[in-house]
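Those protein sequence lines, which keep their order, are chains D and L. Counting from 1, position 181 in the first sequence corresponds to residue 193 in the numbering used here; the numbering is continuous, with no gaps. Counting from 1, position 32 in the second sequence corresponds to residue 41 in the numbering used here; the numbering is continuous, with no gaps. Beta carbons: idealized from backbone N, C-alpha and C, even for Gly.
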Amino acid sequence: MSGNDANRMTSDELEQALAGMVPTTPEIDRDALMYQAGYAAARGLAAERRTVRFWQGSTVLMTAASVALAITLWQRPSAEPQPQFVKAPTVTPPVEAVVDHETPSSENSAAPVAQSSPQISQVPSIDPLLLADPSKNYLALRAVVLRRGVEAWPVEREASSTGVPAAAPAGPSTVRGLMEELLPPPPSPKRSTNDNPNEASTRQEDPVV
Amino acid sequence: MNTITRSIWLTSIILLAALSPAAHSQVVGLMGPGGAENNVEAIRLTVTPADEPVPAFKYRLSLRPHELVPGNSVASYLRAFPEGGIEKTWKGIYDQFGDEAYDWSSTPLSELPIEKLQDAAGRFESLVANFIGPGSRCRDTDWGVRYEDLKGPEVITFLLPEIQAMRSVSRALSLQTRVAVAEHRYDDALELMRMNYRLGRDVGQQPILVSGLVGMAISGITNDNVVELIAAPDSPNLYWALTELPRPQTSLRDAMRLELAIGPRMFELLDDPEHKDRSYDAWNDLWRRETTWLMTTGANLVSMDATWEDMLVTHDSDAQSLVAVALGLASYSHAKERLLAWGFDPERVEQMPVGKVLAIYHARIYQLQADELEKATYVDFPTAQRISRQAQAKLQESGPLGSSADREILPIASLLLPAVQAAQAAEFRTERNLDALRVIEALRMHAAQHDGQWPKSLDEITCVPVPENVATGKPFEYHLKDDTAVLTLPESDGFPPEIRYELTIADDQTQNEAEGN
Numbered sequence: 013m014s015g016n017d018a019n020r021m022t023s024d025e026l027e028q029a030l031a032g033m034v035p036t037t038p039e040i041d042r043d044a045l046m047y048q049a050g051y052a053a054a055r056g057l058a059a060e061r062r063t064v065r066f067w068q069g070s071t072v073l074m075t076a077a078s079v080a081l082a083i084t085l086w087q088r089p090s091a092e093p094q095p096q097f098v099k100a101p102t103v104t105p106p107v108e109a110v111v112d113h114e115t116p117s118s119e120n121s122a123a124p125v126a127q128s129s130p131q132i133s134q135v136p137s138i139d140p141l142l143l144a145d146p147s148k149n150y151l152a153l154r155a156v157v158l159r160r161g162v163e164a165w166p167v168e169r170e171a172s173s174t175g176v177p178a179a180a181p182a183g184p185s186t187v188r189g190l191m192e193e194l195l196p197p198p199p200s201p202k203r204s205t206n207d208n209p210n211e212a213s214t215r216q217e218d219p220v221v
Numbered sequence: 010m011n012t013i014t015r016s017i018w019l020t021s022i023i024l025l026a027a028l029s030p031a032a033h034s035q036v037v038g039l040m041g042p043g044g045a046e047n048n049v050e051a052i053r054l055t056v057t058p059a060d061e062p063v064p065a066f067k068y069r070l071s072l073r074p075h076e077l078v079p080g081n082s083v084a085s086y087l088r089a090f091p092e093g094g095i096e097k098t099w100k101g102i103y104d105q106f107g108d109e110a111y112d113w114s115s116t117p118l119s120e121l122p123i124e125k126l127q128d129a130a131g132r133f134e135s136l137v138a139n140f141i142g143p144g145s146r147c148r149d150t151d152w153g154v155r156y157e158d159l160k161g162p163e164v165i166t167f168l169l170p171e172i173q174a175m176r177s178v179s180r181a182l183s184l185q186t187r188v189a190v191a192e193h194r195y196d197d198a199l200e201l202m203r204m205n206y207r208l209g210r211d212v213g214q215q216p217i218l219v220s221g222l223v224g225m226a227i228s229g230i231t232n233d234n235v236v237e238l239i240a241a242p243d244s245p246n247l248y249w250a251l252t253e254l255p256r257p258q259t260s261l262r263d264a265m266r267l268e269l270a271i272g273p274r275m276f277e278l279l280d281d282p283e284h285k286d287r288s289y290d291a292w293n294d295l296w297r298r299e300t301t302w303l304m305t306t307g308a309n310l311v312s313m314d315a316t317w318e319d320m321l322v323t324h325d326s327d328a329q330s331l332v333a334v335a336l337g338l339a340s341y342s343h344a345k346e347r348l349l350a351w352g353f354d355p356e357r358v359e360q361m362p363v364g365k366v367l368a369i370y371h372a373r374i375y376q377l378q379a380d381e382l383e384k385a386t387y388v389d390f391p392t393a394q395r396i397s398r399q400a401q402a403k404l405q406e407s408g409p410l411g412s413s414a415d416r417e418i419l420p421i422a423s424l425l426l427p428a429v430q431a432a433q434a435a436e437f438r439t440e441r442n443l444d445a446l447r448v449i450e451a452l453r454m455h456a457a458q459h460d461g462q463w464p465k466s467l468d469e470i471t472c473v474p475v476p477e478n479v480a481t482g483k484p485f486e487y488h489l490k491d492d493t494a495v496l497t498l499p500e501s502d503g504f505p506p507e508i509r510y511e512l513t514i515a516d517d518q519t520q521n522e523a524e525g526n
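Here it is in structure tokens:
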């Protein structure tokens with residue numbers, strides 16, 4: 013029916029036309045619909061669970077951090093500097109005394125003692141005395157010791173040139189040892205092949221030192 | 010998120026935010042350098058109570074006059090060096106044990122490899138028995154060097170090898186002492202400490218500031234050994250042994266007086282010019298020569314290559330002479346004004362050679378400064394500190410570029426006069442630390458007489474006199490913290506860092522463990 017014709021229809025004819033229209037049956041797959049509804053519901057729940065777990069986890073973490081910090085600060089409440097433990101000569105069981113000491117080697121070290129002068133870096137300083145070599149200048153030594161203490165006066169560290177531990181140095185010479193070094197040994201007497209008890213012995217006794 | 014979780018989370022955030030600034034400062038403080046500095050040394054001792062020995066001086070740390078033998082202690086000490094002596098023995102130890110051996114002295118006794126120490130200490134036995142011990146029993150001490158008689162550049166070019174050498178001896182004695190304490194050979198430990206205290210006094214006897222400081226350092230090492238003995242089980246009470254030590258252990262009085270006179274000893278210009286007669290040319294030549302030498306020496310003092318021969322040579326170049334003359338002429342009118350202000354006869358001043366006017370002016374300026382510093386040598390520590398600070402401030406104002414009317418022309422006083430504060434602090438610190446050990450022994454004595462109980466205050470101790478803190482003139486700081494007696498030597502004494510002795514009484518179990526049961 014054309015638009016013009018519809019405009020010319022009476023109300024009765026329009027009513028009959030409309031009454032003849034039958035609604036179409038909806039074509040919904042119930043099963044699919046139920047499935048999708050359940051799927052959607054499950055996804056939302058999981059996301060919500062993850063969100064909840066995140067906040068729960070972060071809450072626990074923050075709470076633990078706060079408690080730990082509070083405990084730490086409670087144990088050290090004041091701003092007073094904490095003692096730096098330096099030494100504690102504690103009660104110790106007696107140590108077995110070493111009775112025997114090996115006598116030092118009789119060989120003296122032939123290596124001369126290496127003399128090294130203290131190294132001082134050439135750093136500009138407001139005190140020129142500190143730039144001088146304390147080993148050559150008493151004023152420089154005095155300045156170093158007064159400002160930094162006696163320990164700043166370096167004790168020379170003499171390293172072994174060969175890397176091999178040196179033998180313990182021999183002790184001081186004794187009188188007997190010096191005598192043996194300085195005096196030649198007496199000549200050994202010649203013995204005759206016939207032992208004649210009447211011949212005077214030429215053997216000399218070692219001198220008593 | 011439910012309400013409860015949200016609430017907890019918000020509370021945690023707020024707590025964390027509130028605690029963070031305080032936490033930050035604590036963390037920074039714990040981190041050491043760069044953060045807040047720890048200025049407290051805590052020395053924790055577990056001790057056994059010990060009553061006064063019977064007789065009272067059963068243990069001594071110094072010999073009485075009739076126990077000394079004729080002889081020079083220094084001669085005996087020096088015999089310990091030739092032919093495989095002290096230095097070579099140390100060299101052998103360092104070769105064998107490496108860098109570890111250098112750390113032994115700063116490691117607590119309980120953490121040391123005692124077998125290695127026994128090995129090392131044993132190597133010194135012969136040297137100590139034959140040379141150091143006998144030296145420590147000699148009546149006299151003569152180092153054989155007349156430092157007081159040195160003049161000119163030799164005043165600063167002399168060396169101190171024998172003083173450096175004595176440090177090696179002291180370390181050897183300390184090593185042996187620690188082994189003796191570990192082995193519970195207390196009598197041997199006491200004898201070794203007696204030798205070390207004597208060595209410190211002998212080294213400090215020379216009228217040289219550095220020698221005095223080394224002597225005090227040796228006493229300090231021995232004091233540390235005393236602490237270890239105090240902490241050893243059933244160690245004897247050393248109150249009277251420490252009390253009988255000569256006081257002060259090392260006096261810097263003579264060293265200070267000699268060092269403050271270094272200007273006139275080095276520079277003829279400053280050596281009593283008011284009463285010296287020289288010709289007109291001789292005075293001017295003296296001024297020129299010594300000014301030139303100072304300009305040369307000033308350069309040598311900062312040169313790493315300068316030797317004592319360099320110090321003795323005057324580089325008399327024309328340019329330097331010209332500078333010296335110009336300096337003198339520029340300063341002459343001011344020097345003359347000051348002489349007139351000091352009451353010199355105007356006519357006499359007008360007739361004086363320029364060199365003499367300058368010499369008198371400079372000698373007086375130098376003496377003004379030196380005398381101000383010397384005052385601090387004769388008073389108590391707090392007063393000495395105040396006087397030293399004032400004197401150092403005046404010294405700065407009196408430099409060549411200073412604002413004082415009595416300012417130097419040549420920077421002699423400002424170059425030569427020592428930083429006396431540091432030296433005086435060392436002397437008082439040594440005395441204070443020794444007195445602290447006496448307080449600890451007084452505490453142990455009190456505990457022995459009161460069933461192992463510490464006193465609540467030092468006033469409660471009546472068995473022996475309790476020394477006061479020389480730094481303050483007041484009693485030491487002491488308090489009880491539960492069962493721990495705490496003796497504090499605060500930084501406010503003037504000797505950082507703060508030292509805190511924390512003493513606890515050894516219980517039976519600790520005692521048995523210590524005795525090897």
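When you compare the CB positions of residue i and residue j, do they come within less than 9 Å of one another, or not?
i                      : j                      : result
residue 162 of chain D : residue 441 of chain L : no
residue 60 of chain L  : residue 454 of chain L : yes
residue 231 of chain L : residue 183 of chain L : yes
residue 202 of chain L : residue 382 of chain L : no
residue 417 of chain L : residue 374 of chain L : yes
residue 271 of chain L : residue 425 of chain L : yes
residue 228 of chain L : residue 256 of chain L : no
Spell out whether any CB of chain D is found under 9 Å from the CB atom of residue i.
i                      : result
residue 215 of chain L : no
residue 32 of chain L  : Per-residue confidence for residue 32 of chain L stands at a pLDDT of 46, beneath the threshold of 50, marking its modelled position as unreliable; no derived number is given.
residue 405 of chain L : no
residue 42 of chain L  : Residue placement at residue 42 of chain L is flagged as unreliable, the pLDDT there being 38, under the threshold of 50; the coordinate-derived value follows with that caveat. For residue 42 of chain L, the answer is no, since every Cβ of chain D falls outside 9 Å of its Cβ.
residue 447 of chain L : no
residue 512 of chain L : no
residue 320 of chain L : Confidence is the limiting factor: at residue 320 of chain L the pLDDT is only 47, short of 50, which leaves the residue's position unreliable, though a coordinate-based value still follows. Yes, residue 320 of chain L lies at the interface with chain D (some Cβ there is under 9 Å from its Cβ).
residue 402 of chain L : no
residue 268 of chain L : yes
residue 37 of chain L  : For residue 37 of chain L, the predicted model reports a pLDDT of 39, less than 50, meaning its position is unreliable; a value from the coordinates is still stated below. False, the Cβ-Cβ gap to chain D never drops below 9 Å.
residue 210 of chain L : no
residue 254 of chain L : no
residue 176 of chain L : yes
residue 424 of chain L : yes
Kindly list, in the order they appear in chain L, the residues whose Cβ is closer than 7 Å to that of residue i.
i                     : result
residue 57 of chain D : What residue 57 of chain D touches in chain L: nothing, since even the nearest Cβ is about 15 Å away.
Under 9 Å between C-beta atoms, does residue i make it to chain L?
i                      : result
residue 161 of chain D : yes
residue 187 of chain D : no
residue 194 of chain D : no
residue 61 of chain D  : no
residue 45 of chain D  : no
residue 30 of chain D  : no
residue 40 of chain D  : no
Which residues in chain D have a C-beta closer than 8 Å to the C-beta of residue i? List them in chain order.
i                      : result
residue 110 of chain L : Those within 8 Å of residue 110 of chain L in chain D number zero; the least Cβ separation is about 10 Å.
residue 258 of chain L : Chain D residues near residue 258 of chain L: none, gap ~15 Å exceeds 8 Å.
residue 186 of chain L : Near residue 186 of chain L there are no residues of chain D at all, since even the closest Cβ is about 12 Å away, more than 8 Å.
residue 226 of chain L : 161, 162 and 163
Could you check how far apart the C-beta atoms of residue i and residue j are, in whole angstroms? I think they sit under 8 Å.
i                      : j                      : result
residue 144 of chain L : residue 85 of chain L  : 3 Å
residue 457 of chain L : residue 470 of chain L : Rounded, the Cβ-Cβ distance is 12 Å, inconsistent with contact.
residue 400 of chain L : residue 422 of chain L : Their Cβ separation, rounded to whole angstroms, is 11 Å, which puts residue 400 of chain L and residue 422 of chain L out of contact at 8 Å.
residue 292 of chain L : residue 365 of chain L : 5 Å
residue 268 of chain L : residue 218 of chain L : 5 Å
residue 247 of chain L : residue 68 of chain L  : 6 Å
residue 95 of chain L  : residue 189 of chain L : Incorrect: roughly 18 Å between the Cβ atoms, too far for contact.
residue 475 of chain L : residue 495 of chain L : Wrong, their Cβ atoms sit about 15 Å apart, outside the cutoff.
Since residue i meets chain D, which of its residues come closer than 7 Å, beta carbon to beta carbon?
i                      : result
residue 432 of chain L : 158
residue 222 of chain L : 157 and 162
Residues of chain L with CB closer than 9 Å to the CB of residue i, please, in chain order.
i                      : result
residue 150 of chain D : 164, 165, 166, 167, 168, 169, 217 and 219
* Contact residues within the segment 384–398 of chain L, judged by C-beta distance below 8 Å to chain D -> none
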